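Asker:
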Amino acid sequence: MISDPSQIVPIIEASQENPQLIYKHSHRCSVCFVARGELEQSAADIKKYADMHFVNVVRSRDASNKIASELDVRHESPQAILIDQGEVVWHGSHGSIDADAILEYFK
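Quick look at the structure:
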């Protein structure tokens with residue numbers, strides 16, 4: 021669980037070795053629970069290729085803002101961001117968060 025802005029740069033740096041997936045959600049949003057469920061159902065498959073990180077945007081707003089600024093991706097919630105070699109290679113928000121689309125990147 022990402023809770024502090026200081027965790028963001030090391031995650032981006034870790035993407036040089038292994039892709040990183042960040043999922044941003046709000047515990048106040050029903051759409052977030054649906055999207056998180058989609059990712060959790062496929063977590064075992066995703067973890068074969070990428071490390072997974074979660075951030076609660078309500079409790080960790082500073083970390084969420086740091087993700088947006090470091091990766092130059094507009095903040096959304098829910099939002100999934102896939103980072104490989106220090107670059108965003110896929111991102112989706114709301115209904116476009118799809119585990120199959122994430123896994124397609126690795127094929």
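If you count by our numbering, then the sequence shown holds residues 21 to 127, one letter each, in order. We treat Cβ as the ideally placed atom computed from N, Cα and C, and that holds for glycine. Given the structure is predicted, the values throughout are model-derived calculations rather than measurements.
#1: Would you tell me roughly how many angstroms separate the C-alpha atoms of Ala83 and Ala55, rounded to the nearest one?
#2: For my contact list, Ile32 and Ile103 are in at a C-beta cut-off of 8 Å; report their separation, rounded to the angstrom.
#3: Less than 8 Å separating the beta-carbons of Ala119 and Ile66?
#4: Could you name each continuous beta strand (DSSP E) segment of 3 residues or more that falls completely within the stretch 39 to 91, going from the start of the chain to the end?
#5: In three-state terms, what does DSSP make of Ser26?
#6: What are the boundary residues of the beta strand (DSSP E) that includes Glu107?
#7: Between the alpha carbons of Val93 and Ala64, how many angstroms are there, rounded?
#8: State buried or exposed for Pro30, treating a residue as buried only when at least 16 other CB atoms are found within 10 Å of its CB.
#9: Given a cut-off of 8 Å, decide if Gln105 and Ser35 are closer than it, judged by their beta-carbon atoms.
Answerer: Reading it off the structure:
#1: 20 Å
#2: 6 Å
#3: yes
#4: 40 to 45 and 71 to 76
#5: helix
#6: Glu107 to Ser113
#7: 26 Å
#8: exposed
#9: yes
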